[in-house]
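> Pasting a structure here, questions to come.
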Amino acid sequence: MAEQVGLARYFNLEWLNAVADCKMADNTKEEAHAYLDDIIGQRISSKDNIRKTRTIMLNLWYNNDPWFVDECTNICKGIFRQERIGLHWALIMVYYPVFFDLCSIIGNSFEYKDEIQLAQIKAKIFEKWGARNTLEHSLSKNFQTLKDMDVLEPGEKSGSYKTIKHKLDNPKIVCMLVAAILKCSDNEYLTWEQIIHHPALFPFEISGVTQADMPTFERLVLERMGDEVVIRLKDK
60 MAEQVGLARY FNLEWLNAVA DCKMADNTKE EAHAYLDDII GQRISSKDNI RKTRTIMLNL
120 WYNNDPWFVD ECTNICKGIF RQERIGLHWA LIMVYYPVFF DLCSIIGNSF EYKDEIQLAQ
180 IKAKIFEKWG ARNTLEHSLS KNFQTLKDMD VLEPGEKSGS YKTIKHKLDN PKIVCMLVAA
240 ILKCSDNEYL TWEQIIHHPA LFPFEISGVT QADMPTFERL VLERMGDEVV IRLKDK
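So for the sequence shown, my numbering puts the first residue at 60; every next one is plus one.
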């Protein structure tokens with residue numbers, strides 16, 4: 060796989076919410092840059108690591124696919140801060156393919172067992188991306204991020220993890236995750252069941268939202284294919 064890993068630094072919900080706040084306030088990227096340096100610098104002393112972490116935050120909420128950023132920003136204005144995790148998740152998947160693949164592997168593993176082993180996840184992601192030094196370095200950071208995002212917690216054994224579920228009942232947030240899965244997936248069409256049970260969405264439990272809510276987003280289209288109804292992400 061030729062893509063760069065790019066996600067080689069740990070980050071947390073505080074910083075994700077900080078950059079989202081900047082975007083919602085219509086701050087320029089330069090203004091967000093300075094604000095993030097200050098916020099991240101309260102936890103990290105290395106200027107190089109501050110820069111790398113800030114770059115990830117700006118990539119997600121400023122340099123990402125414009126449609127996803129605009130929609131997530133608008134949705135943020137009408138929800139509580141603690142509801143934003145689904146929007147952050149969508150933006151991370153869209154910008155960083157390694158995150159989508161990592162979460163897909165984690166989710167697949169949770170389908171067979173209640174606890175996963177970091178070593179086993181590493182082996183599977185190496186199969187897909189190659190055993191690169193940057194990936195070896197980033198995986199422990201990624202797992203720390205997932206813990207701080209409150210979707211993983213330590214299991215009974217050393218190096219093992221259990222999932223923490225988050226209930227999603229806001230149709231707009233679910234629509235963004237559906238759009239992100241369709242954009243990241245190799246499949247142009249997916250059924251509603253395939254999407255809501257996609258392993259990359261392992262920490263989320265969708266409740267009270269149905270495929271009938273999907274066309275409320277202009278880029279999500281329901282189409283009949285044989286005996287099934289599938290969902291497609293329209294081009295802009």
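Yeah, the Cβ is synthetic: ideal placement off N, Cα and C, and Gly gets one too.
Just mark A182 as buried or exposed, buried being the case when its beta carbon has 16 or more other beta carbons within 10 Å.
So A182 ends up on the exposed side.
> Can you round the beta-carbon distance between A84 and M152 to whole angstroms, since I take them to be within the 8 Å contact cut?
About 25 Å separates the two Cβ atoms, so there is no contact after all.
> Less than 6 Å between C-beta atoms, sequence neighbours within five positions excluded: which residues of the same chain meet that for K231?
Within the same chain, K231 has close Cβ partners I134.
> Helix or strand or just coil, what does DSSP make of T269?
It is coil, neither helix nor strand.
> So, under 8 Å CB-CB, I109 and W74 are touching, yes? Tell me the CB distance rounded to an integer number of Å.
With a Cβ gap of about 11 Å, I109 and W74 do not count as contacting.
> Are there 16 or more other CB atoms within 10 angstroms of the CB of K136, so buried, or fewer, so exposed?
Label assigned to K136: exposed.
> Which class does S316 belong to by DSSP, given the choice of helix, strand or coil?
Residue 316 cannot be examined here, being either before or after the span of the chain that is shown, 60 to 295.
> From T269, K226, L146, K200, pick the residue whose C-alpha is nearest to that of E252; which is it?
For the residues T269, K226, L146, K200, the minimum Cα distance to E252 belongs to T269.
> Going by C-alpha distance, which of A239, G189, I175, N192 is nearest K216?
The candidate whose alpha carbon is nearest that of K216 is I175.
> Please go through the same chain and pick out, in chain order, the residues whose beta-carbon is closer than 7 Å to the beta-carbon of K242, but skip the five residues on each side of it.
Taken in chain order, the residues that qualify are V153, L292.
> Here's the rule: buried if 16 or more other CB atoms are within 10 angstroms of the residue's CB, otherwise exposed. What is Y69?
By the 10 Å Cβ count, Y69 comes out buried.
> In three-state DSSP terms, what is P213?
Strand.
> On the DSSP letters alone, give me the boundaries of the alpha helix (DSSP H) that Y296 sits inside.
Shown here, the chain extends from 60 to 295; a query on residue 296 therefore has no answer.
> Helix, strand or coil for S168? Go by DSSP, reduced to three states.
Of the three classes helix, strand and coil, the one that applies to S168 here is helix, per DSSP.
> Could you check if M284 is buried or exposed, using at least 16 other CB atoms within 10 Å of its CB as the buried criterion?
Exposed, because fewer than 16 other Cβ atoms sit within 10 Å of the Cβ of M284.
> Would you list the one or two residues that DSSP bridges to E264?
Beta-bridge pairing links E264 to K226.
> Alpha carbon to alpha carbon, how far is V233 from I255? Give it in angstroms, no decimals.
Going from the Cα of I255 to the Cα of V233 covers about 9 Å.
> Provide the residue span of the beta strand (DSSP E) that contains E174, from first to last.
E174 -> no beta strand (DSSP E), and no H or E assigned at all.
> Less than 7 Å between the C-beta atoms of V157 and W120, yes or no?
No, Cβ-Cβ distance for V157 and W120 is not below 7 Å.
> So, with DSSP's three-state summary, where would you put M83?
It is helical.
> Does the beta-carbon of Q171 have 16 or more other beta-carbons within 10 angstroms, so that it is buried, or is it exposed?
Looking at the sequence shown, residue 171 is not Gln but Tyr. Label assigned to Y171: exposed.
> In the DSSP assignment, what are the bridge partners of V128?
In DSSP, V128 forms no bridge with anything.
> CB-CB under 7 Å to M60, same chain, minus the five flanking residues each way: which ones, in chain order?
For M60, the predicted structure reports a pLDDT of 39, less than 50, and the residue's modelled location is therefore unreliable. A value from the coordinates is still provided. So the list reads K187, W188, G189, once near-sequence residues are dropped.
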